[in-house]
Structures are given as structure tokens and as C-alpha cells.
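Each remark here refers to the structure printed beneath this line.
Residue numbers (our numbering), protein chains in the order written: chain A, 1 to 113; chain B, 114 to 226; chain C, 227 to 339; chain D, 340 to 452; chain E, 453 to 565.
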């Protein structure tokens with residue numbers, strides 16, 4: 001699992017049936033390599049059963065854990081899911097941008113989600 | 114899962130029987146480390162049950178999710194598959210090249226797929 | 227599995243039911259790329275069935291191994307867990323910061339855990 | 340799965356019984372970070388049920404897919420296998436060294452495999 | 453799987469019961485990014501059912517393969533294991549430090565294992 005921030009959303013009409021009706025969020029891991037205004041590592045696409053909004057911090061799980069969290073069944077066509085929306089974190093050595101919900105200069109999602 | 118772009122295709126005569134009749138796409142993750150005209154991270158080879166074309170944005174899943182998406186059976190000899198063809202995405206902080214379907218200077222696939 | 231150090235904790239009210247009552251630690255892998263006072267690689271969020279404290283060295287396992295270690299059941303919504311609290315390690319080529327429990331300049335966790 | 344090139348072979352007398360009689364190839368992923376004559380990313384060790392030779396391009400699968408491809412049974416002590424020997428690929432943006440079977444200055448394997 | 457070198461050992465009194473009585477080795481992947489005397493990528497912690505010693509080259513497997521190799525049962529709290537002790541390898545493009553069993557300037561393990 002990793003601690004990330006919701007940075008976007010993806011829409012697909014043509015997709016695996018298991019993805020029907022599920023939000024697909026784009027989530028950026030929080031690490032130290034990020035400079036303000038620019039995503040720096042490859043983001044993850046995750047289904048979101050919890051209703052996270054743009055800029056929120058989330059915990060993302062992979063693999064079977066994601067299917068358990070989002071579907072309750074091991075045989076689904078996704079392998080990443082939001083398993084927690086973070087209220088607060090305490091990481092003393094974290095850089096300042098971990099704390100800011102929406103870094104300066106980043107517009108909000110069009111959908112306002 | 115990750116958000117990527119179809120950058121090529123691979124053909125193999127000698128292969129695991131489970132790959133017979135399946136397209137093998139080469140997919141580049143969309144991240145910020147890419148400069149125009151040059152792939153910058155190791156691409157993924159994925160089976161494609163959805164018929165994605167060169168330059169299209171896709172969501173790719175790994176592991177059992179890929180087998181569920183592309184075969185419906187857990188015992189197949191691949192572990193990456195296209196699970197969605199992206200119509201649109203909303204990632205406010207994304208660099209400009211995420212949006213462009215085919216970056217300048219990149220020729221199309223020979224097969225025109 | 228990897229050798230890491232507990233650098234923080236995360237709290238989430240809205241989360242997968244399988245995470246109820248479990249501590250979610252933020253753990254930084256020990257590698258050579260870390261400079262004093264700054265986390266350098268993406269940290270992992272792991273459940274902790276062993277009661278590790280801030281600054282302690284731990285061994286973290288992924289996937290089913292994590293669910294076995296922390297729950298005893300394969301169908302849980304997490305995929306990383308502390309499987310050992312390190313008493314000592316012997317890695318002759320390790321940089322000095324591997325040994326220091328809390329690098330200079332890093333405050334302790336608010337919770338003092 | 341990834342697209343790689345066979346760059347070597349490994350021999351082990353003391354090994355898991357499941358590896359008896361299986362070739363263990365060293366395979367370098369094809370990415371853009373490679374300069375001529377120098378491997379640049381950590382190579383993968385994979386079993387090879389298909390008989391790939393030095394310098395050939397292959398598709399490598401991980402996890403259960405590898406066990407299905409190379410053994411037909413989910414309970415084997417390896418998690419990477421060659422699942423295809425590439426005849427041709429079409430990746431318009433690929434750097435020139437992707438195409439060259441054996442980069443200049445790299446000797447062939449002793450075994451000539 | 454990857455080709456690595458044993459660079460250390462870890463001891464934990466408080467640990468998952470499945471780790472009782474198992475050696476936990478610290479293993480550095482052999483890649484080109486290593487300079488003499490300094491580990492450069494995050495090492496892996498693996499159980500060792502084969503008795504590898506400091507400085508030896510080993511093949512390490514992840515996930516279920518590791519549990520099969522080291523325990524014979526799929527439900528164990530680890531996901532990395534030594535599956536082979538390398539007698540010899542033939543990787544023509546490998547840098548010189550791949551061959552040296554113990555790089556200059558690196559002391560041996562205290563335990564002499």
C-alpha cells in the first residue's frame with residue numbers, strides 16, 4: 001500500500017465489464033521527488049469504492065487486496081483500489097508538499113469531484 | 114493499473130499456447146519523465162482484448178486482473194492486459210504530452226493498427 | 227520483503243472494514259539513496275500486528291504474506307505488513323544512516339508511538 | 340510482461356528442486372535508458388521453456404503466468420518465464436539499440452546458446 | 453527472479469511465527485548502477501533455505517514461488533526466498549563488479565556466515 005493524493009480521473013467507454021460503474025481515479029504517490037506543480041512519478045489508476053475527492057490523501061492497495069476492498073470477489077479485472085481516505089498523517093520527515101491538499105498552481109478537476 | 118499509451122506491437126511465432134491469437138501491445142506509461150519523441154521508462158507488453166490502436170490511451174491491469182479481463186480464467190500465461198480504452202481523462206497537473214495522441218516526430222505503426 | 231524504518235503513521239476514518247482497528251505505519255526502505263533528514267523513495271503503508279515504534283527497523287512483507295502475517299486469512303483488503311521488528315542487522319556495506327534509529331533533525335511522531 | 344533481450348545465463352548446482360533441468364536466462368528489459376555495451380537496469384532471471392538464444396528478443400511474464408507457461412502447475416519455485424520469442428516488433432519511437440540483436444562490443448555467450 | 457549477492461543478515465526476536473528459525477538474508481541485486489563499496493539500490497530481505505554465505509551470488513524468487521521454495525506451503529508470512537546459489541554465470545555485458553565475490557573494502561559479516 002502507499003500514501004497518495006488524488007490528482008485526476010479517467011473515463012473509458014470501452015472497458016472490461018468489471019469496471020462498469022466504477023470510478024477510476026489517478027493517484028500520485030506522495031514521495032520526496034515531487035516539485036510543486038509537476039507530477040514526478042508514474043501515477044496509479046485505482047478504482048474508488050470510498051468516494052475520494054480531488055486533492056485528498058488516500059491509501060491505495062494492490063492485487064487481491066484491491067479486489068477484496070472494492071468488490072468482495074477475487075475474480076475482477078482490476079488490481080488497485082482506494083482502501084482508505086486519510087484524515088491525518090504524522091510523518092515527521094515528510095516534505096511540505098505532502099501536507100498541502102492541492103499544490104499551488106494546480107487547477108481543480110473539471111468535474112469538481 | 115496505470116494509464117498508458119499504445120506505442121507498438123510485438124509478434125512472436127514461438128510462444129506459450131495461451132498467447133495464440135492474442136495481440137501483444139507495447140504500452141508506455143504516461144508519466145512526467147517523458148520528453149517528446151523518446152520513450153523514457155520500460156514499456157509493458159500487454160494482451161489486448163479491446164482492440165486499442167496506436168497512440169490511444171489505455172488503462173492496463175496486471176496479474177490475475179489481466180487474466181480475468183482477457184480470458185476469464187486464472188490459469189493463463191500472461192499477466193498484463195488492456196482493461197479500458199480511455200475516452201478522456203482529467204489530470205490537472207499532467208504535462209502537455211499526456212494529451213497529445215501521437216507526439217510529434219513519432220511515425221505510426223506499420224500495420225496501421 | 228525489505229528492510230525499512232518506521233517514519234510515520236496514517237489515520238483514516240473512512241476505510242475498508244478490514245483496516246478497522248489496525249495501525250497503518252508509513253515505512254521507508256533503507257537504501258543508499260537517502261540523505262539525512264529527507265526521505266528519498268516512495269514509502270510503503272503497512273499494517274502492523276507487532277507494535278513497532280517510530281524509528282525502529284522492521285522487515286515488511288507484501289501480498290498474501292502480509293495477510294497471513296497480520297490476519298491469518300487470505301481475503302483481506304491490505305497487502306503490506308510488518309513481519310519482524312529488527313533487533314540487529316549485519317550489512318557491512320550499508321551507509322551510516324542505516325544504523326541511526328532516528329536521523330538528526332527528524333522530530334519524533336506526535337503520538338510518540 | 341516486458342520486452343527484453345537475452346544477455347546471459349546462470350548456473351546453480353544448489354537450488355530449489357523445481358529449477359532442476361530448467362535453463363535460467365538473464366534478460367535485460369528493452370528501454371530507453373540503455374547505452375551501447377552497458378546494461379543499465381536490473382536484469383531479470385527467467386526460466387526458458389522455449390529455447391531462446393543469446394541476443395534474441397523475448398517477452399517475459401511474471402508470477403503465476405510464468406508458472407503456467409513453464410510448468411503448467413501453480414506451485415513451482417519460480418516466478419518469471421519466457422513466454423514468447425519475438426520475430427518482430429513495431430515500436431516507432433524505440434531507440435536504435437532495440438533493433439540490434441547483439442550490440443557492438445558485447446561478446447557472445449561462452450555456451451553459444 | 454533476480455541475480456543478487458548476499459550482503460548481510462537481519463535478526464528479529466519479535467516476528468511473525470512463520471519466520472521462526474529461518475535465516476533472513478539481505479540481498480543486493482546485481483545491476484550496473486553499483487559502485488565499489490556502496491550499495492546503490494534497495495536491497496531485498498529473503499529467507500534462505502539453501503545456506504548461502506556472505507558474498508555469494510544467488511537467485512531470488514518472489515511471491516508464491518518463494519513460499520514453495522522455502523516452505524512448501526502457500527500460506528506463509530514471507531514472499532522472497534533464495535531459490536539457487538549460483539556456481540557461475542555468463543553475462544557478457546556485465547560490469548566487472550558482478551564477478552568479484554566480495555568487493556574491495558567491504559568487510560565480511562560478523563557472523564562469518
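Cβ atoms here follow ideal geometry from the backbone N, Cα and C, with glycine treated the same way.
If you're wondering where the values come from, they're calculated on a predicted model, not measured in any experiment.
Would you say residue 489/E lies against chain C (beta-carbon separation less than 9 Å)?
Reliability of the predicted coordinates at residue 489/E is poor, the pLDDT of 40 falling under 50, and the value obtained from them is presented with this limitation in mind. Interface residue, yes.
Are any of the Cβ atoms in chain B nearer than 9 Å to that of residue 431/D?
yes
Leaving out the 5 sequence neighbours to the left and right, which residues in its chain are closer than 6 Å to residue 46/A when beta-carbon positions are compared?
25, 27, 60, 80, 81, 82
Taking the beta strand (DSSP E) that residue 385/D belongs to, which residues open and close that run?
383 to 386
Looking at the secondary structure, which residues open and close the beta strand (DSSP E) in which residue 83/A lies?
80 to 90
Where residue 395/D and residue 424/D are concerned, what is the direct C-alpha to C-alpha distance, given to the nearest angstrom?
7 Å
Which chain B residues are close to residue 29/A, counting only those with a beta carbon under 9 Å from its beta carbon?
Here the premise fails: no neighbours, minimum Cβ distance about 11 Å.
Would you call residue 432/D buried or exposed, if buried means 16 or more other Cβ atoms sit within 10 Å of its Cβ?
buried
What residues in the region 278 to 312 of chain C have a beta carbon less than 7 Å from any beta carbon of chain A?
289, 301, 302, 303, 304, 305, 306
Comparing alpha-carbon positions, which option in 117/B, 121/B, 136/B, 185/B lies nearest residue 17/A?
185/B
For the alpha helix (DSSP H) containing residue 249/C, list its first residue and its last residue.
Residue 249/C -> no alpha helix (DSSP H), and no H or E assigned at all.
Whole-angstrom Cβ separation of residue 435/D and residue 358/D, contact assumed at under 8 Å?
So it is not a contact: roughly 36 Å between Cβ atoms.
Residue environment, residue 390/D, which counts as buried when at least 16 other CB atoms sit within 10 Å
exposed
Contact set for residue 397/D: own chain, Cβ-Cβ below 7 Å, skip 5 residues either direction
343, 345, 366, 391, 421, 423, 424, 425
Going by CA-CA distance only, name the one from 369/D, 439/D, 354/D that's closest to residue 157/B.
369/D
Any beta-carbon of chain B closer than 9 Å to the one on residue 357/D?
no
Reduced DSSP category for residue 351/D - H, G, I as helix; E, B as strand; rest coil
strand
Spell out whether any CB of chain C is found under 9 Å from the CB atom of residue 463/E.
yes
If you check the beta carbons only, do residue 374/C and residue 21/A fall under 9 Å apart?
For residue 374/C there is no data in the structure shown, the boundaries of chain C being 227 and 339.
So, helix, strand or coil for residue 297/C, using DSSP?
coil
Report all residues from its chain with a CB closer than 7 Å to the CB of residue 69/A; omit the five preceding and five following residues, and keep chain order.
49, 61, 81, 83
So for residue 402/D, helix, strand or coil by DSSP?
helix
Just how far apart, CA to CA, sit residue 125/B and residue 542/E?
26 Å
Return the CA-CA distance between residue 212/B and residue 241/C, expressed in angstroms with no decimal places.
33 Å
Residue 272/C touches chain A at which residues, Cβ-Cβ below 8 Å?
1
Could you tell me which of 494/E, 454/E, 462/E, 461/E sits nearest to residue 349/D, measuring between CA atoms?
454/E
Which partner residues does residue 167/B have in the DSSP bridge list?
In DSSP, residue 167/B forms no bridge with anything.
Minimum Cβ-Cβ distance from residue 231/C to chain E less than 9 Å
no
Quick one: Cα of residue 540/E to Cα of residue 381/D, how far?
18 Å
Do we get a CB-CB distance below 9 Å when we pair residue 473/E with the residues of chain C?
no
Going straight from the alpha carbon of residue 347/D to that of residue 404/D, what length do you get?
22 Å
For residue 362/D, which residues of its own chain have a beta-carbon under 6 Å away from its beta-carbon, when the five flanking residues on both sides are left out?
387
Taking 9 Å as the CB-CB cut-off, is residue 43/A touching chain C?
no
Can you confirm whether residue 389/D, when its beta carbon is compared against all beta carbons of chain E, has any partner nearer than 9 Å?
no
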